[in-house]
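Chains as they are written, first to last, in this note's numbering: chain A, 3 to 127; chain B, 32 to 354.
Positions of the beta carbon are idealized from the N, C-alpha and C atoms, including for glycine.
Everything numeric in this text was worked out from a predicted model, so none of it was measured.
Input: a single structure, listed below in structure tokens.
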């Protein structure tokens, strides 16, 4: 019974987040590359915050980054970037955070998003 | 000076602004939900095009009726920039398709030039034509390139300092310059070899977003990180820099009108800020709402257009006759 529950929970999680491939995700990251870095030693001044450790990180809390009022308000409500929240945000940023200043229309394909998230998880702090 | 235009929604709204030596009017037009006008360009027939980034379309707006419609550009389309080419067509830099797209306003035919397969995703940004009719473009992931509309040949070059190429513009003599946001430089393209000559600005790490040329070929640069407006004169290599008014300006877009008046947008103040090079004075006009997020400016004689990506509105300042 207990094992059955665990299996059900794993299946549910898998359905919500199909297993991504970090290698493919590194290529998907090219969508983000012009404004974001996944290099902890990055020295360039980029317009977006570093994505090192983004999964599970507090929203809009990186030092030295000027977040939009919209994202700051979103942070107060949601706290941290869960995988699910990130997935929804990168699907259609403007829909999840209206008036976000991130000028990115979103990633439509669930597989690409899963790959990207898998890649970002490899870039933990 | 700070003056307030009115706003009414779907229909055009008129407010008269008092600006030194110039009679000006402001109108604001609401676009359909989700259109997200990133860039704007006057069309040859009095209409106005906008890059409807989230709809993957070109928007066609008629100021006479206040109505707009959109034409889809292709699968995965997400256009960033739009300009009018010397052929009277709309030319879009389409990041979603990783392609340059031409829209013929007469036939509404769409032609797509994909970037070479091995280029990868480039985050296409903006484009300009040189004096020979060659189309030059930037990609923020660290490239710039050229498309020869006659042969259809597309060439891509790696930018100095990697990622960052953003605004691009041509001068009255047909030379092409671009700026790098992450690289914080002005670059002149050698149109024969495709090489970039890096011109370092006086302010380090200024974060140049866009640029435009005045009638004398001087290049006006909007600096996001520094909040400055700067001007480079290629004739003598000089630079001049002015800080925009306000507590913490963020200079995003820049455009120079036919009278050599410089127009910028300041995200720090949600305002349009004009600059008169003769008097070196700024004038400020608020956008239609907070978070209007105007990323680009373009105009034609007597009109300066501002796409409000944040509110999905188009704003125009009709500059009228200079007294």
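Measure the alpha-carbon distance for residue 121(A) versus residue 26(A) and round it to whole angstroms. Taking the first chain and counting its residues from 1, the one referred to as residue 121(A) is at position 119. Taking the first chain and counting its residues from 1, the one referred to as residue 26(A) is at position 24. Roughly 8 Å separates the two Cα atoms.
If the cut is a Cβ gap below 7 Å, which residues of chain A does residue 109(B) touch? Here residue 109(B) refers to the residue found at position 78 when the second chain is read from its first residue. Annotation: Cβ neighbours of residue 109(B) in chain A (cutoff 7 Å, chain order): 107.
Excluding the 5 residues flanking residue 347(B) on each side, which residues of the same chain have their C-beta closer than 6 Å to its C-beta? Taking the second chain and counting its residues from 1, one reaches residue 347(B) at position 316. In the same chain as residue 347(B), and ignoring 5 residues on each side of it, the C-beta atoms closer than 6 Å to its own belong to 58, 334 and 336, in chain order.
Mapping DSSP to helix, strand and coil, what is residue 116(A)? Counted from its first residue, the first chain places residue 116(A) at position 114. Three-state DSSP puts residue 116(A) in a helix.
Any C-beta of chain A sitting closer than 7 Å to the C-beta of residue 341(B)? For the purposes of this step, residue 341(B) is taken as the residue at position 310 of the second chain. For residue 341(B), the answer is yes, since a Cβ of chain A falls inside 7 Å of its Cβ.
Hey, could you find the ends of the beta strand (DSSP E) residue 350(B) is sitting in? For the purposes of this step, residue 350(B) is identified with residue 319 of the second chain, where counting begins at 1. Boundaries cannot be given for residue 350(B), as no beta strand (DSSP E) includes it and DSSP labels it neither H nor E.
Should residue 60(B) and residue 85(B) be called a contact, given that it needs their Cβ atoms to be closer than 7 Å? Within the second chain, numbered from 1, the residue matching residue 60(B) stands at position 29. Within the second chain, numbered from 1, the residue matching residue 85(B) stands at position 54. No, they are not a contact pair.
What is the residue span of the beta strand (DSSP E) that residue 216(B) lies within? Position 185 of the second chain, counted from the start, is the residue given in the question as residue 216(B). Taken as a continuous stretch (DSSP letters only), the beta strand (DSSP E) holding residue 216(B) covers 216 to 220.
Could you round the C-beta distance between residue 272(B) and residue 259(B) to whole angstroms and report it? I think they count as a contact, below 8 Å. Here residue 272(B) refers to the residue found at position 241 when the second chain is read from its first residue. Here residue 259(B) refers to the residue found at position 228 when the second chain is read from its first residue. The distance from the Cβ of residue 272(B) to that of residue 259(B) is about 5 Å, consistent with a contact at the 8 Å cut-off.
Roughly how many whole angstroms lie between the Cα atoms of residue 195(B) and residue 230(B)? The sequence position of residue 195(B) within the second chain is 164, counting from 1. The sequence position of residue 230(B) within the second chain is 199, counting from 1. Spanning the two alpha carbons is a distance of roughly 15 Å.
What is the DSSP secondary structure of residue 186(B), reduced to helix, strand or coil? Stepping through the second chain from its first residue, residue 186(B) is reached at position 155. For residue 186(B), the three-state secondary structure derived from DSSP is strand.
Same chain, Cβ closer than 7 Å to residue 36(A), neighbours up to 5 away in sequence not counted: Within the first chain, numbered from 1, the residue matching residue 36(A) stands at position 34. Here the set comprises nothing.
Residue 90(B) classed as buried or exposed, judged by whether at least 16 other C-beta atoms fall within 10 angstroms: The residue you call residue 90(B) lines up with position 59 of the second chain. Counting of Cβ neighbours within 10 angstroms places residue 90(B) among the buried residues, the total reaching 16 or more.
In chain order, what residues of the same chain lie with their CB nearer than 6 Å to the CB of residue 28(A), ignoring the 5 residues before and after it? On the first chain, position 26 is the one that residue 28(A) refers to. Apart from sequence neighbours up to five positions away, the residues of its chain that approach residue 28(A) with a beta-carbon distance below 6 Å are 121, ordered along the chain.
Please go through the same chain and pick out, in chain order, the residues whose beta-carbon is closer than 7 Å to the beta-carbon of residue 96(A), but skip the five residues on each side of it. To locate residue 96(A), count along the first chain from 1; it is residue 94. The residues are 102.
Output the boundary residues of the beta strand (DSSP E) element that contains residue 300(B). Numbered from its first residue, the second chain carries residue 300(B) at position 269. Membership of residue 300(B) in any beta strand (DSSP E) is not indicated, and neither H nor E is assigned to it by DSSP.
Positions along the region 141 to 169 of chain B whose CB lies within less than 8 Å of some CB in chain A: For the region 141 to 169 of chain B, the set of positions with a beta-carbon nearer than 8 Å to some beta-carbon of chain A reads 151, 152 and 154 in chain order.
Between the region 42 to 59 of chain A and chain B, which residues of the former have CB atoms less than 9 Å from a CB of the latter, in chain order? The region 42 to 59 of chain A vs chain B, Cβ under 9 Å: 46, 47, 48 and 49.
Residue span of the beta strand (DSSP E) that contains residue 166(B), given as start and end: Here residue 166(B) is taken as the residue at index 135 of the second chain, counted from 1. Run containing residue 166(B): 166 to 170, per the beta strand (DSSP E) assignment.
When 88(A), 114(A) and 56(A) are compared against residue 33(A), the one with the closest alpha-carbon: Position 31 of the first chain, counted from the start, is the residue given in the question as residue 33(A). The candidate whose alpha carbon is nearest that of residue 33(A) is 114(A).
What residues in the region 176 to 204 of chain B bring their beta carbon closer than 7 Å to a beta carbon of chain A? Taking 7 Å as the Cβ-Cβ cut-off against chain A, the residues of the region 176 to 204 of chain B that qualify are 194.
Flag residue 36(A) as yes if its beta-carbon sits less than 7 Å from any beta-carbon of chain C, otherwise no. Here chain C cannot be found, since the structure's protein chains are A and B.
What residues from chain A crowd round residue 209(B), counting only those whose CB sits closer than 7 Å? By 1-based counting over the second chain, the position of residue 209(B) is 178. Simply none; closest approach about 14 Å.
Distance, Cα to Cα, residue 301(B) vs residue 107(A)? Taking the first residue of the second chain as position 1, residue 301(B) is located at position 270. Taking the first residue of the first chain as position 1, residue 107(A) is located at position 105. Their backbone Cα atoms lie some 22 Å apart in a straight line.
Quick one: is residue 339(B) buried, meaning 16 or more other Cβ sit within 10 Å of its Cβ, or exposed? On the second chain, position 308 is the one that residue 339(B) refers to. The residue in question, residue 339(B), is buried, as its Cβ has 16 or more Cβ neighbours within 10 Å.
Can you name the residues of chain B whose CB is closer than 7 Å to the CB of residue 103(A)? As a first step, residue 103(A) is located in the first chain; it is residue number 101 there, counting from the start. Going along chain B in sequence order, the residues near residue 103(A) (Cβ under 7 Å) are 324.
Near residue 120(B), which residues of its chain fall below 8 Å by C-beta distance, leaving aside the five closest residues on each side in sequence? Along the second chain, one-based indexing puts residue 120(B) at 89. Within its own chain, the residues whose Cβ lies closer than 8 Å to the Cβ of residue 120(B), once the five positions on either side in sequence are excluded, are 133, 134, 135 and 136, listed in chain order.
Distance, Cα to Cα, residue 56(A) vs residue 115(B)? Along the first chain, read from residue 1 onward, the residue named residue 56(A) stands at position 54. Along the second chain, read from residue 1 onward, the residue named residue 115(B) stands at position 84. Each residue's alpha carbon lies about 40 Å from the other.
How long is the line joining the alpha carbons of residue 138(B) and residue 102(B), rounded to whole angstroms? In the second chain, counting from the first residue as 1, residue 138(B) sits at position 107. In the second chain, counting from the first residue as 1, residue 102(B) sits at position 71. The alpha-carbon atoms of residue 138(B) and residue 102(B) are separated by roughly 12 Å.
Integer Cβ distance of residue 202(B) from residue 155(B), believed to fall under 8 Å: Locating residue 202(B) in the second chain gives position 171, where the first residue counts as 1. Locating residue 155(B) in the second chain gives position 124, where the first residue counts as 1. Not quite, the Cβ-Cβ distance comes to about 22 Å (not below 8 Å), so this is no contact.
C-alpha gap between residue 78(A) and residue 72(A), whole angstroms: As a working note, residue 78(A) is residue 76 in the first chain. As a working note, residue 72(A) is residue 70 in the first chain. In a straight line, the C-alpha of residue 78(A) is about 10 Å away from that of residue 72(A).
Leaving out five residues on either side along the sequence, give the residues of the same chain with a beta carbon under 8 Å from the beta carbon of residue 104(B). For the purposes of this step, residue 104(B) is taken as residue 73 along the second chain, with counting starting at 1. Close CB contacts of residue 104(B) within its chain, under the 8 Å cut and outside five residues either way in sequence, are with 87, 88, 89, 110, 123, 125, 128, 132, 134, 141 and 143 (chain order).
Taking Cβ-Cβ distances below 7 Å as the criterion, which residues of the region 83 to 103 of chain B are in contact with chain A? For the region 83 to 103 of chain B, which is checked against every Cβ of chain A, the residues closer than 7 Å are 84 and 85.
For my contact list, residue 252(B) and residue 217(B) are in at a C-beta cut-off of 8 Å; report their separation, rounded to the angstrom. By one-based count along the second chain, residue 252(B) stands at place 221. By one-based count along the second chain, residue 217(B) stands at place 186. Confirmed, about 6 Å.
Given a limit of 9 Å on CB to CB distance, which residues of the region 116 to 143 of chain B reach chain A? For the region 116 to 143 of chain B, which is checked against every Cβ of chain A, the residues closer than 9 Å are 126 and 127.
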